[in-house]
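Student:
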Amino acid sequence: MKSLQAMHHLLAEAGHQIEVLEHQGELPMFRDKLQVVGLFPLLPVSAEIFQVNIGKMCNQTCRHCHVDAAPDRKEIMTRETMQLCLDVLKNNPSFTTVDVTGGAPEMNPDFRWFVEEIKKLNKHIIVRCNLTIILANKRFHDLPHFFKKHEVEVVSSLPFYTQDRTDRQRGNGVFEHSIQALQMLNAVGYGTAGSGLLLNLVYNPAGAFLPPSQAALEKEYKAELLKRYNIFFNNLYVITNMPISRYLDYLLVSGNYEKYMDKLVNAFNVAAAKNVMCRNTISVSWDGFLYDCDFNQMLDLKVSCSHSQHLSSFDAKAMNQRSIVVNQHCYGCTAGAGSSCGGAVAK
Amino acid sequence: MENHYYNAEDLGKFGAVSEWQKTMGDKFFAWYSEVFKEGALSAKEKSLIALAVAHAVQCPYCIDAYSSDAFEKGWSEEQMMEAVHVAAAIRGGASLVHGVQMMNKVKEIAM
Numbered sequence: 001m002k003s004l005q006a007m008h009h010l011l012a013e014a015g016h017q018i019e020v021l022e023h024q025g026e027l028p029m030f031r032d033k034l035q036v037v038g039l040f041p042l043l044p045v046s047a048e049i050f051q052v053n054i055g056k057m058c059n060q061t062c063r064h065c066h067v068d069a070a071p072d073r074k075e076i077m078t079r080e081t082m083q084l085c086l087d088v089l090k091n092n093p094s095f096t097t098v099d100v101t102g103g104a105p106e107m108n109p110d111f112r113w114f115v116e117e118i119k120k121l122n123k124h125i126i127v128r129c130n131l132t133i134i135l136a137n138k139r140f141h142d143l144p145h146f147f148k149k150h151e152v153e154v155v156s157s158l159p160f161y162t163q164d165r166t167d168r169q170r171g172n173g174v175f176e177h178s179i180q181a182l183q184m185l186n187a188v189g190y191g192t193a194g195s196g197l198l199l200n201l202v203y204n205p206a207g208a209f210l211p212p213s214q215a216a217l218e219k220e221y222k223a224e225l226l227k228r229y230n231i232f233f234n235n236l237y238v239i240t241n242m243p244i245s246r247y248l249d250y251l252l253v254s255g256n257y258e259k260y261m262d263k264l265v266n267a268f269n270v271a272a273a274k275n276v277m278c279r280n281t282i283s284v285s286w287d288g289f290l291y292d293c294d295f296n297q298m299l300d301l302k303v304s305c306s307h308s309q310h311l312s313s314f315d316a317k318a319m320n321q322r323s324i325v326v327n328q329h330c331y332g333c334t335a336g337a338g339s340s341c342g343g344a345v346a347k
Numbered sequence: 001m002e003n004h005y006y007n008a009e010d011l012g013k014f015g016a017v018s019e020w021q022k023t024m025g026d027k028f029f030a031w032y033s034e035v036f037k038e039g040a041l042s043a044k045e046k047s048l049i050a051l052a053v054a055h056a057v058q059c060p061y062c063i064d065a066y067s068s069d070a071f072e073k074g075w076s077e078e079q080m081m082e083a084v085h086v087a088a089a090i091r092g093g094a095s096l097v098h099g100v101q102m103m104n105k106v107k108e109i110a111m
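Written out as structure tokens, the structure is:
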């Protein structure tokens, strides 16, 4: 399977996606919804999480991917841009966590150097590892040891504890390799009590529906993965699929777009809106531009402070005073118990 | 709008039944909501029971709602179809077991 970009698909263009989101169907505008509950303009509360997308290249081509990541994507963060990230982190102690994502971030040739340099700054590091990369090539087999050495928190997608649902979303054979990779992570101590090595899993619905209760599903995942494969992990994050890129394409092609958007709008939750992740996160693209979140990044909606839209001109004061850019896709983060890179945000 | 006894969009108007009898309607929806919470049975188990019952009572609104809900809660297509078979077996058995009543009656009056 190729990326939308490689297929020259219209939805590979951020502008076309926004056109669809703003004009297809008759949905209330997200900013109006925020206005009603007194949250517009949406403002940051702190700058704690520095999320860096170090490349769109991936060994998988998942059907729901909002990044349109795939083996054919060549956009990769250079070491020079990584150095700009490190400079910003050094000068801004409020950032306590660095969340490294992609694509498969491990495919960036400077990935390990970047992690080592972040560690020297004494920041907590999260790596969003797709699991199968660990088995994709011999040179990645030692990743569990590398993660352990640098006390990296590993966050990995596993859409379900059964092969059928996982492979439908992420491709044939992904489940089997994911299970093997999880066992390799467990073998070095990840997910086991007292090790201090965090292994968190991510659930995404394999279809046009919202996630179920995070607490109930976590309990079920833990019991089933232990019983079937003797696998341990720490937390399960349930994440709502965003109507962006490949998932937007799926919704439109399957005729589910309007119903799905209605579901998101009808499930708007003020408590979730108050806790959206963009209020404590900055998202950095492979080429060093700054966004309120990874979703805005994929829609090319840069931060609103025009003189601080790139790492090279990072202005912490302006960033803390900015208004967060919102659009119709934001309903995805405020539906039900809410959704963030750390799972549900409201009870 | 096409004229049918059942319209899919009417499912979304279920709450409107309270407009003409608020007290009873409110009590029903509060009780309904309580029934489906996590309890001695999980919300996931209750969803599969609801799916089977929806087929037993042949309610198209309930089948629509609980096909989605059961799948969203993680039941597989195979498990959901087995639940429908359970409903069908009970319905079929419910008819057939009355055959005993028929046999009793016939034995009572036959020479």
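So the protein lines, in turn, are chains Z and L. Mapping of the first sequence onto UniProt numbering: position 176 corresponds to residue 176, and the numbering continues sequentially without gaps. Mapping of the second sequence onto UniProt numbering: position 3 corresponds to residue 3, and the numbering continues sequentially without gaps. Backbone N, C-alpha and C define an ideal beta-carbon position, used for all residues, glycine too.
Please confirm whether residue 15(L) has its beta-carbon closer than 8 Å to some beta-carbon of chain Z.
Tutor: no
Student: Taking 8 Å as the threshold (beta carbon to beta carbon), is residue 33(L) in contact with chain Z?
Tutor: It does not; no Cβ of chain Z falls within 8 Å.
Student: Work out the CA separation of residue 81(L) and residue 63(Z) for me, nearest whole Å.
Tutor: 26 Å
Student: Can you tell which of 29(L), 69(L), 55(L) has the C-alpha that lies nearest to the C-alpha of residue 45(L)?
Tutor: 69(L)
Student: Using a Cβ cut-off of 9 Å, pull out every chain Z residue sitting near residue 92(L), in sequence order please.
Tutor: Within chain Z, no residue comes near residue 92(L); the closest Cβ sits about 29 Å away, beyond 9 Å.
Student: Quick one: Cα of residue 328(Z) to Cα of residue 249(Z), how far?
Tutor: Straight-line Cα distance between these residues: approximately 16 Å.
Student: Counting only Cβ pairs nearer than 9 Å, list the residues of chain L close to residue 220(Z).
Tutor: 42, 44, 74
Student: Taking the DSSP output, what are the residues bridged to residue 50(Z)?
Tutor: 98(Z), 282(Z)
Student: For residue 232(Z), does the count of other Cβ atoms within 10 angstroms reach 16, so buried, or fall short, so exposed?
Tutor: buried
Student: Identify the continuous alpha helix (DSSP H) that holds residue 322(Z) and give its terminal residues.
Tutor: Counting along the chain, residue 322(Z) falls outside any alpha helix (DSSP H), and DSSP gives it neither H nor E.
Student: Under the assumption that residue 240(Z) contacts residue 212(Z) (Cβ atoms under 8 Å), give the Cβ distance between them as a whole number of angstroms.
Tutor: With a Cβ gap of about 11 Å, residue 240(Z) and residue 212(Z) do not count as contacting.
Student: Using the Cα positions of residue 296(Z) and residue 38(Z), report the straight-line distance between them to the nearest angstrom.
Tutor: 22 Å
Student: Could you tell me the alpha carbon to alpha carbon distance between residue 340(Z) and residue 92(L), rounded to whole angstroms?
Tutor: 48 Å
Student: Rounded to whole angstroms, what's the CA-CA distance from residue 192(Z) to residue 98(L)? Just pull it up for me.
Tutor: 57 Å
Student: If distances are taken between C-alpha atoms only, which option among 235(Z), 206(Z), 34(Z) comes closest to residue 330(Z)?
Tutor: 34(Z)
Student: Residue 179(Z) to residue 156(Z), Cα distance in whole Å?
Tutor: For the pair residue 179(Z) and residue 156(Z), the Cα-to-Cα distance works out to about 11 Å.
Student: Which residues of the UniProt domain "Radical SAM core" (52-191) of chain Z have a Cβ closer than 9 Å to any Cβ of chain C? Give them in chain order.
Tutor: The structure shown has no chain C; the protein chains it does contain are Z and L.
Student: As a quick exercise: from 165(Z), 32(Z), 184(Z), 116(Z), pick the residue whose alpha carbon is nearest that of residue 71(L).
Tutor: 165(Z)
Student: Excluding the 5 residues flanking residue 143(Z) on each side, which residues of the same chain have their C-beta closer than 8 Å to its C-beta?
Tutor: 106, 129, 133, 134
Student: Can you name, in chain order, every residue of its own chain whose Cβ lies under 6 Å from the Cβ of residue 123(Z), other than the five neighbours on each side?
Tutor: 98
Student: By Cβ distance below 8 Å, which residues in the same chain neighbour residue 226(Z) in space, the five residues on each side in sequence not counted?
Tutor: 232
Student: Could you tell me the alpha carbon to alpha carbon distance between residue 112(L) and residue 18(L), rounded to whole angstroms?
Tutor: Because chain L here runs from 1 to 111, residue 112(L) falls outside it and cannot be looked at.
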